[in-house]
Amino acid sequence: VQLQASGGGLVQAGGSLRLSCVASESIFDIHFMGWYRQAPGKQRDWVALMASDGTTKYRDAVKGRFTISGDNAKNTVYLQMNNLKHEDTAVYCCAVGSSVETVWGQGTLVTVSS
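The working numbering numbers the first residue of the sequence shown as 965 and each following residue consecutively.
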């Protein structure tokens, strides 16, 4: 299984972007889906997680601005990002964890100009 992330780009502070992460095939027995980010010179941090029951969790810095969602029919997980801030600038990547493994996608760069 491969994950393909897209939707990054350059946006002004206050703007919005929607990231998409498409799986090359259906993943069974999913435990969680998530988005992570790594800013220059920093470690990778989780951003938003969605459990198999639909429960979501967000890191404090993005609460109220970011929304994670999934479309099982399209094997896709999204991250809607609103009111973007300069500190949101990072490479964003997705991950899907199942009972077998956790699959990571390649990153997509989000740059927020202040």
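Here a beta-carbon is modelled for each residue, glycine too, at the ideal position from N, C-alpha and C.
Being a predicted model, the structure only gives us computed values, none of them experimental.
Chain-order list of residues whose beta-carbon lies under 8 Å from that of residue i (same chain, five-residue window excluded)
i     : result
Y1000 : R1008, D1009, W1010, V1011, Y1056, C1057, C1058 and A1059
Selection from the options that minimises the alpha carbon distance to residue i
i     : options                      : result
T1075 : S970, Q976, Q966 and Q1044   : Q976
F992  : C985, K1006, V965 and L974   : V965
F1030 : N1036, Y1022 and A1037       : Y1022
S990  : G972, Q1070, S1077 and G1061 : G1061
V1067 : S970, C985 and N1036         : C985
G1005 : D1017, E1051 and K1027       : E1051
H995  : D1017, N1036, L983 and K1038 : D1017
Under 7 Å between C-beta atoms of residue i and residue j
i     : j     : result
L1048 : G979  : yes
M1045 : L974  : no
A1003 : A1054 : yes
Contact with chain B by residue i, beta-carbon distance below 7 Å
i     : result
A1003 : Of the protein chains in this structure there is only one, and it is not chain B.
Opposing strand residues paired with residue i [DSSP bridges]
i     : result
Q968  : V986
F996  : A1015 and G1061
A1054 : V1074
Q1002 : R1008 and V1055
L1043 : L983 and I1032
L974  : T1075
V1067 : V1060
Burial state of residue i (16 or more Cβ within 10 Å)
i     : result
T1072 : buried
A987  : buried
Residues of its chain near residue i, where Cβ-Cβ distance is below 7 Å and the 5 sequence neighbours each way are ignored
i     : result
Q1070 : A969 and C1057
Any non-hydrogen atom of the ligand GDP closer than 6 Å to residue i Cβ
i    : result
G973 : With respect to the ligand GDP, the structure offers nothing, as it holds no ligand at all.
Beta-carbon contacts of residue i that lie in its chain and below 6 Å, excluding the five residues immediately before and after
i     : result
S1077 : Q976
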